[in-house]
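Following: one structure in structure tokens, then a few remarks.
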Amino acid sequence: MNEKTLILGVIGADVHAVGNRILEYAFRQAGFRVVNLGVMVQQEEYISAALETAADAILVSSLYGHGEMDCRGLRQKCEEAGLEGILMYVGGNLVVGKQEFHEVEMKFRAMGFDRVYPPGTAPDTAIEDLQRDLGVV
Amino acid sequence: MNEKTLILGVIGADVHAVGNRILEYAFRQAGFRVVNLGVMVQQEEYISAALETAADAILVSSLYGHGEMDCRGLRQKCEEAGLEGILMYVGGNLVVGKQEFHEVEMKFRAMGFDRVYPPGTAPDTAIEDLQRDLGVV
Amino acid sequence: MNLENKKLELDAFRSTRQDVLKQWPTGRDVDFEEAVSYQKRIPAGKRFNGKLAEAVEKGITLIQPRAGVALPQEHIRLLRYLETEGEADLLPTTIDSYTRHNRYEEAEKGIRESRTEGRSLLNGFPAVNHGVAICREVTESVSLPVQVRHGTPDARLLAEITIAGGFTSYEGGGISYNIPYSKNISLERTLLDWQYVDRLMGLYEEAGVSINREPFGPLTGTLVPPCISHSVAILESLLAAEQGVKNLTVGYGQCGNLLQDVAAIRSLKSLTREYLTRFGYGDVTVTTVFHQWMGGFPQDEAKAFGVISWGAAAATLAGATKVIVKTPHEALGVPTMEANAQGLRATKQVTAMLRDQRLQRTPELIGEMEMIAAETRCILDRTLELGEGDWAKGTVRAFQAGIIDIPFAPSRSNAGKALPARDNTGAIRFLDFGALPFDEDIMAFHRDKIEDRAKKEGRAASFQMVIDDVYAIGKGFLVGRPKQNG
Amino acid sequence: MNLENKKLELDAFRSTRQDVLKQWPTGRDVDFEEAVSYQKRIPAGKRFNGKLAEAVEKGITLIQPRAGVALPQEHIRLLRYLETEGEADLLPTTIDSYTRHNRYEEAEKGIRESRTEGRSLLNGFPAVNHGVAICREVTESVSLPVQVRHGTPDARLLAEITIAGGFTSYEGGGISYNIPYSKNISLERTLLDWQYVDRLMGLYEEAGVSINREPFGPLTGTLVPPCISHSVAILESLLAAEQGVKNLTVGYGQCGNLLQDVAAIRSLKSLTREYLTRFGYGDVTVTTVFHQWMGGFPQDEAKAFGVISWGAAAATLAGATKVIVKTPHEALGVPTMEANAQGLRATKQVTAMLRDQRLQRTPELIGEMEMIAAETRCILDRTLELGEGDWAKGTVRAFQAGIIDIPFAPSRSNAGKALPARDNTGAIRFLDFGALPFDEDIMAFHRDKIEDRAKKEGRAASFQMVIDDVYAIGKGFLVGRPKQNG
Ligand code: B12
Ligand code: B12
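Residue numbers (numbering that gives the first Met the number 0), protein chains in the order written: chain A, 0 to 136; chain B, 0 to 136; chain C, 0 to 485; chain D, 0 to 485.
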């Protein structure tokens, strides 16, 4: 079986559940295996879920503005846990306030995310990118 | 009698009649004698009305945006006609578009207007200025 | 002048035409036959009549801006921007004020100065000076239908040039583009000139090219009671239909009271149909246009968005075919293209969100519609009487007698005796009837409404109340209450 | 845990209090007696209850923003700006998400980093960390009443500090600040904790200081049918009243269909009064709050103004006591103070323009109100039954059984089986009832409505319809139609 596994979750103390639920649905429809951790997910939870399911990618959502603080160190922890080079996306309303997206992107790329998405990104965009990055059609 | 006479009118091809009607009412209430030429007033009309009535001030309105073109040369014509130094105000939406008012003011002061008013100036403002400039209480 | 409401004879029309086309050099490029075949090549999706019919069928409210600048390339850029960034459904070309007064020399100067200064010194697009070819360039460079919006008492040459130039709708009328837009021009004169314009549209119609005609509904935009604008819209519809116009959009400027606004749009449509049918023009298609508040706007842009959006909501809840959109710059000056597009997008959001909703018919709504209808019939019936059966003659005499009286109009042909004021709910009523030919019931209704307000505000009804109402929306209210009642 | 709907004993309350005030060092500055006398010195015009009563009397709709930043001086500047430039009638202090989850260490870090970076890294004001004195500085530096707005499941310490700090209204409740705002916290726990909060307000009330309490109406803000939010609002009102709360503002998040929104606000008020009176709390004052659309917003600011203004219009036409205002930055991030003030001014323009207008009572409106009432009664009656006469126990069991089911809620205590979708007019109905205890008539009503829509769109009702509706307003529509129906 060629099914790729995605870990999905909303990080930190963030409870925005709507987008998460829709992303799960969309990724499943697109043929991915989805492990959805829901909202209020700690960094450790992403990592252990990824290890347990031999996941291909971790998709972090942050809507409430504290993403900047919540996401720091996740890449390092992944490496330490043996998830070297695992594909990592992040999206949502990543910072507090309306900010120039390019700067936000740089900030999260520097934290080790492979792709960073602006507010309101459609699931299809992420699906196309996943297919490309994971080498599925 | 100490009543001061004002010439009122909307210059050029401008038909905005509402503000003009209210200004007339407000100036009369404030005790001025008002000669209201209404809308679509040519430069010559202001001058002959001012001469005829020995007016103390000419109040020009321009709302429709062509004020810049319509007002040019009025001061010179006044001088030529013998209305040296007659008090001249202008107000309304003087230029095309939303522009920095300070620049608009400079432009119309350069044309010889004593006072220049931004969009939406209340009649009371002009009444106070008139009282000061004409030395009435 | 021998004004009567009769289709112009072709000979007379043709001889006038020779003079009209000579009013400015660009007139010589107009060739009717060629223009007809040009118009016939315009695809259906880019014609006003088709787009309006589609909106009626879908039950949606289309959105249209006002816009025009001096130079062709800037104007094209502006329209394209409003199409793509503004999500407009219909496009305009607003004509500058010199052209409106046939002052083509001054317009020419405005064009020249705009070129040198690199900004538009004209408040619109001088279509006559630019001529047929450039008009075609304009209408061809967008993918939506384009209408001429102006305010021109003598709009014959402008009509010749712009329709030959590919525009598919033409705003205005002999009353609505005279009384609010001029001071000294006689009503006979403009009614005759608009017979010419309408006959021209009729000729296109007969040649198989349907041009939409839109009497200008809001008139002075300032506290105009619905019966006044309805009377004018219906008169201009009757006059246009007589000249062969088959596609009419009747208009109304928002008052701000939802019940009155919805009643106005619905009664406008039914009354116009009723009169057209009654007088033998049952084959004319009638649609409606709702103008977002046409009077003084708040200077603050956020507040202006509030006014704009409320206009969008009222238009949609009323079921108007299209809505003419204001911009957040309204109180300050001709809008930038960005501000114009913002007004459109705010409007689009509201009209689309409300597309499946209408205001319910309540006894109050029906009552309001019946009152508007009764008032309008009083005016129209008396007008026809004065005209001894001729609508055109009747119109002239009705204005002379103050039977039709448009508040705040600059024209000397207008009595200017009637005074409007809002009632306690913000609906526009009459504080002074002037010579309006209302029966006792109608007058009692208005008196009661105004009396109620005066009582609530603890002051007598007077011109001060009218002034307060003129300023009210600009200051953030609908009814201009005295301060202590704030 | 021994949850029952009974006024907390003073002894038990006091012993819990000792622990609560120890949760963070700033707790020790709370002195109830001193706080009461401090609160008593707050002038009437700066108290929520007074200002709300005045609005009811005048028949106007007050406007209130959301706003909060990490640092006190910035927060004061923000509130002052919203008062003067935003023309707000009531002020908020929105609490940051770490504080909401009692993560005071992280909040402390956020404060520190905000100081170094010179911008707020927190999405709200961390009132607990700042403590009583700074809260007083905040409430004293503005001239309007200030409310605590948060989303805190365990809001006991926050309540102690902020009420001692001069706030005169407190948002939230054991259901509405748990189910939409947390994942793992048990409902018993939060109901108990909110009994504490409400008892605290009751004690203030008994000491002569009236604190306004506001259950959080919109819940998840996303397609919540009125009967669900009404049930929660009424339950929280009953629970609060039992603890001695006397001044309640019940809330509702806009759906977007005018009829449903007006029916919702009106039935919310009458149903809340009905249940309060029926269960012995007839002396509680009830006002209403309407939240402008709480779900996903369009990113474009002009379009956001359209949504904001339409919310302002619906609130006013419904006759809500106050409206909570969104901003043109909603889809993007916590707004700048300028954007926040813009949302307020657009709202102010509309609420003021419509202040003398209400939506007429039509058979359709009454029908909608009756439907909401019938649904809500089904839910509440079954809840009371499950609780064997105890509203608190009933609430817990009702959630377990899916008798109350909040769409899109993250909490494990929520069944998450019921699914909402819009009907052809945009009103929110149920596509799946889950375990909601509706009678056959009600279910048939919803099924018909959804069926009509499915038919119009030529597709079966499914989760895709729900998703389309979730996105719709952000994309410029109310009903999420498939593309071809656009
Ligand atoms: C109502 C209105 C109309 C009505 C006018 C009816 C009539 N005959 O009176 C109609 C619909 C016919 C109309 C037509 C046009 N209008 Co017009 N109109 C307005 C509107 C909405 C309100 C004007 C008004 O009555 N205000 C209420 C009165 C009480 O205020 P006021 O006129 O500003 O006058 C007060 C003050 O300005 C001040 N004041 C005025 N003059 C002076 C002079 C002095 C010395 C002082 C001290 C004070 C002072 O005191 C007055 C009383 O308080 C304004 C925009 C706005 N303000 O919201 C646009 C506006 C003035 N119109 C405009 C334009 C462009 C036009 C048209 C060319 C095209 C069009 N958009 O249709 C035509 C022009 C026709 C012509 N040849 O003049 C523009 C002008 C643009 C610019 N300057 O950049 C405006 C600003 C709209 C816009 N943003 O595009 N219009
Ligand atoms: C509904 C809502 C709520 C509901 C949430 C209910 C629930 N439990 O789900 C309630 C009312 C409870 C709420 C609470 C709060 N909220 Co809120 N909320 C919203 C709102 C209006 C809509 C969110 C939503 O559901 N959108 C619809 C879904 C489908 O879209 P989405 O969430 O954006 O997700 C999509 C995309 O972003 C993308 N995506 C998301 N993650 C990822 C990840 C990857 C890898 C990819 C590729 C794509 C992707 O795909 C998703 C599906 O299409 C937004 C503003 C907005 N967007 O209009 C604010 C917003 C997110 N909230 C905000 C805030 C601050 C809060 C509060 C702190 C305070 C408050 N204002 O009340 C609390 C926080 C509580 C907490 N601890 O988390 C801010 C965040 C500010 C910032 N980042 O600067 C926002 C932006 C509003 C604002 N402008 O202030 N909120």
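Each residue gets a CB set at the ideal place from its N, CA and C atoms; glycine is no exception.
Nothing here was measured: the structure is a model prediction, and the numbers come from that model.
Any alpha helix (DSSP H) of 4 or more consecutive residues that is wholly inside the region 54-132 of chain A: 66-70, 73-79, 100-109 and 122-132
Any non-hydrogen atom of ligand 1 within 7 Å of residue 503(C) CB: With chain C covering 0 to 485 only, the question about residue 503(C) has no answer from this structure.
Alpha-carbon to alpha-carbon, residue 296(C) and residue 117(B): 15 Å
CB contact check: residue 266(D) to chain C, cutoff 8 Å: No - not a single Cβ of chain C is within 8 Å of the one on residue 266(D).
Classification of residue 9(C) by the beta-carbon crowding that lies within 10 angstroms, buried from 16 upward: So residue 9(C) counts as exposed.
Residues that residue 65(A) contacts on chain D, provided the C-beta gap is smaller than 9 Å: 95, 96, 97, 105, 109, 120, 121 and 122
Which of helix, strand or coil DSSP assigns to residue 123(D): In the structure shown, residue 123(D) sits in coil (DSSP, three-state: anything other than H, G, I, E or B).
Buried versus exposed call for residue 246(C) [16 or more other C-beta atoms within 10 Å across all chains shown]: buried
Residue 35(A) - containing beta strand (DSSP E), residue span: 32-35
Residue 420(D), enclosing beta strand (DSSP E) - first and last residue: Here the beta strand (DSSP E) through residue 420(D) covers 418-421.
Residue interval of the beta strand (DSSP E) (run including residue 92(C)): 90-93
Cβ separation of residue 63(C) and residue 88(C), assumed to be a contact under 8 Å, to the nearest whole Å: 7 Å
Element boundaries [beta strand (DSSP E), containing residue 250(C)]: That run of the beta strand (DSSP E) goes 246-252.
Distance, residue 324(D) Cα to residue 286(C) Cα: 36 Å
Sequence-distant residues of its chain with Cβ nearer than 6 Å to residue 54(B) (five each side left out): Non-local C-beta neighbours of residue 54(B) in its own chain, meaning closer than 6 Å and more than five positions away in sequence, comprise 4 and 6, ordered along the chain.
Amino acids of chain C, ordered along the chain, whose beta-carbon sits closer than 7 Å to that of residue 110(B): Result: empty, since nearest Cβ-Cβ is about 15 Å, beyond 7 Å.
Straight-line gap, residue 301(D) to residue 315(D) (C-alpha atoms, nearest Å): 21 Å
Within chain C, partners of residue 341(D) - CB distance below 7 Å: For residue 341(D), the chain C residues whose Cβ falls inside 7 Å of its Cβ are 301, in order along the chain.
CA-to-CA distance, residue 167(C) to residue 42(C), given in whole angstroms: Their Cα atoms are separated by approximately 11 Å.
Residues bridged to residue 290(C) (per DSSP): 252(C) and 323(C)
Closer than 7 Å: residue 72(A) CB and nearest ligand 1 heavy atom: Flag unset: Cβ of residue 72(A) not near ligand 1.
Listed by chain order, chain A residues near residue 409(D) by CB distance under 7 Å: Within 7 Å Cβ-Cβ: 14, 16, 37 and 38.
Proximity test, Cβ basis, 8 Å: residue 414(D) and chain A: no
Option in 37(A), 132(A), 126(A) and 70(A) with minimal Cα separation from residue 8(A): 37(A)
Pick from 410(D), 203(D), 321(D) and 3(D) that is closest to residue 179(D), judged by C-alpha positions: 410(D)
Near ligand 2: residue 80(D) beta-carbon under 7 Å from a heavy atom: no
Chain-order list of residues whose beta-carbon lies under 8 Å from that of residue 200(C) (same chain, five-residue window excluded): 158, 162, 169, 210, 212, 239, 242, 243 and 244
7 Å Cβ cut-off: residues of chain A touching residue 100(D): 12
Given residue 234(C) as reference, the closest of 375(C), 460(C) and 256(C) once Cα atoms are compared: Closest option to residue 234(C), Cα to Cα, is 375(C).
Under 8 Å (Cβ pairs) to chain D, residues found in the region 85-107 of chain A: Within the region 85-107 of chain A, the residues whose Cβ lies closer than 8 Å to some Cβ of chain D are 92, 94, 95, 96, 97 and 98, listed in chain order.
Beta carbon proximity, residue 119(A) to chain D, threshold 8 Å: Yes, residue 119(A) counts as interfacial toward chain D.
Cα-Cα separation between residue 437(C) and residue 312(C), rounded to whole angstroms: 32 Å
Chain-ordered residues of the region 303-332 of chain C with a beta carbon less than 9 Å from chain B: 328, 330, 331 and 332
CB contact below 8 Å: residue 255(D) versus chain C: yes
Per-residue burial, residue 481(D) [other beta carbons within 10 Å of its own, 16 or more giving buried]: exposed
For residue 476(C): DSSP bridge partner residues: In DSSP, residue 476(C) forms no bridge with anything.
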